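For the sequence shown, our numbering begins at 15 and goes up steadily by one.
Glycine included, C-beta positions come from ideal geometry on N, C-alpha and C.
Quick caveat: nothing in here was measured; it's all calculated off a predicted structure.
Read through the structure below, which is laid out as structure tokens, and then see the notes.
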Amino acid sequence: MRLPRFEYYAPETLEAALSLLEDRGEGAFVMAGGTDMMVKMSHGRLKPKTIISLKSIPGMDMISFDPANGMMIGATTRLADILTDLRIETHYPALIQAVQTMANVEVRNMATLAGNICNAAPSADSAPPLMVMNAEVSLASVRGERRLPLSDFFRGPGLTLMQAGEIMTSIHLPAPQVGRGASYMRISARCGVDIAAVGVGVEVRVQSGVFSEARIVLGAVAPVPLRASGSEASLIGKPLNDETLELVSDMAAHESKPISDVRASADYRKRMVAVLTRRAITQAYERSTARHS
Ligand SMILES: Cc1cc2nc3c(=O)[nH]c(=O)nc-3n(C[C@H](O)[C@H](O)[C@H](O)COP(=O)(O)OP(=O)(O)OC[C@H]3O[C@@H](n4cnc5c(N)ncnc54)[C@H](O)[C@@H]3O)c2cc1C
15 MRLPRFEYYA PETLEAALSL LEDRGEGAFV MAGGTDMMVK MSHGRLKPKT IISLKSIPGM
75 DMISFDPANG MMIGATTRLA DILTDLRIET HYPALIQAVQ TMANVEVRNM ATLAGNICNA
135 APSADSAPPL MVMNAEVSLA SVRGERRLPL SDFFRGPGLT LMQAGEIMTS IHLPAPQVGR
195 GASYMRISAR CGVDIAAVGV GVEVRVQSGV FSEARIVLGA VAPVPLRASG SEASLIGKPL
255 NDETLELVSD MAAHESKPIS DVRASADYRK RMVAVLTRRA ITQAYERSTA RHS
């Protein structure tokens, strides 16, 4: 692998990383696991002048959970660490479903959740489950910090609301609630190491046997992870049965805007949106009712 020449820094504080990023300006990139960046660099699609690794900053890989306030996942937390965290498995199984399908053991041992989000690929597996669970992200710069909903974050393939000089410091998930359940389903052209051809995240709230709230996000079928708001609305007030599932999954397929590429045709993707939406709603419903007991 032949890489372009670049300056490399591994600062030991967030403040030092932010100052370096500000100081080096255009051409400076932060790196977490490097699993997206190194591929782009080796193909000549990214030529950074400066790389600032975040991995030497103590505490930035922390995961914390509090039943009242929810989960905080630090920006250098590796995907492998998410998979082995029992609190995430118990309270946020849809995130585990996403991370389990990503890449392979070697990549998951290096890659981070924040890197997956900041890379902003339309197929990013973590985006649909995090968005349906109302995740928020914290961003820091030399000018201060801000926190914004992940649903506002993506602007196009590789494009986000992050401004020059900002570093994502953590990802936040709301406290788990009785009566809510979430699920993530994906399909890829090949099993094993392949990015998603379609991914569907669903979170529902069930009250008195009917859906009272719903969020549905479709991955890899639009330039950004796509909120299927018409499908969400059509689920409200309905019980789980074949009629509801058919109505909502057909509507989700209709709302998706896929392209044909090497992984799948647009037509196949639309059909798979319907199949995965049906399965994800069913699983989210089962999880929501399990939380009643
Ligand atoms: C073989 C292989 C298989 C893969 N399979 C999948 C898959 O199935 N599903 C999937 O979704 N992805 C997949 N990926 C893509 C990649 O592994 C993930 O996107 C991963 O989570 C990226 O994390 P990272 O820490 O390596 O990011 P990096 O490569 O370090 O960074 C990615 C981008 O995010 C920016 N960035 C990283 N951290 C921050 C931060 N804290 N603040 C601001 N900017 C930041 C970087 O500047 C860069 O632009 C695969 C990659 C490979 C090589």
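Asked: Endpoints, alpha helix (DSSP H) assigned at Thr-291; Found: 280–304
Asked: Proximity test, Cβ basis, 9 Å: Ser-222 and chain B; Found: The chain labelled as chain B is not found in the depicted structure, where only one protein chain is given.
Asked: Three-state secondary structure (DSSP) of Val-309; Found: Residue numbering for the chain in the displayed model covers 15 to 307; residue 309 lies beyond these limits and cannot be assessed.
Asked: CB of Ala-135 within 9 Å of CB of Pro-171, strictly; Found: yes
Asked: Supposed contact pair Thr-115 and Arg-200 - C-beta distance, whole angstroms, cut 8 Å; Found: 5 Å
Asked: Segment limits, beta strand (DSSP E) that includes Thr-64; Found: 64–67
Asked: Beta strand (DSSP E) runs wholly inside the region 163–243, at least 3 long, in chain order; Found: 168–170, 181–187, 194–201, 212–221 and 224–233
Asked: Beta-carbon proximity list for Met-145, same chain, < 8 Å, skipping 5 on both sides; Found: Leu-164, Ser-165, Gly-215, Arg-229, Val-231, Pro-239 and Arg-241
Asked: Best match in Pro-272, Leu-173 and Ser-184 for proximity to Ile-77 [C-alpha to C-alpha]; Found: Ser-184
Asked: Cβ-heavy atom distance, Asp-50 to ligand 1, below 8 Å; Found: yes
Asked: Three-state class that DSSP yields for Thr-104 in the structure shown; Found: helix
Asked: Beta-carbon gap between Leu-261 and Thr-296 smaller than 9 Å; Found: no
Asked: Spatially closest choice to Met-182 from Pro-272, Ala-154 and Glu-21, by CA coordinates; Found: Ala-154
Asked: Reference Arg-160, options Leu-175, Met-51, Met-147 and Phe-168, closest by Cα; Found: Leu-175
Asked: Top-ranked residue by Cα proximity to Arg-293, from Leu-93, Thr-49 and Ala-266; Found: Ala-266
Asked: Simplified DSSP assignment, three categories, for Met-45; Found: strand
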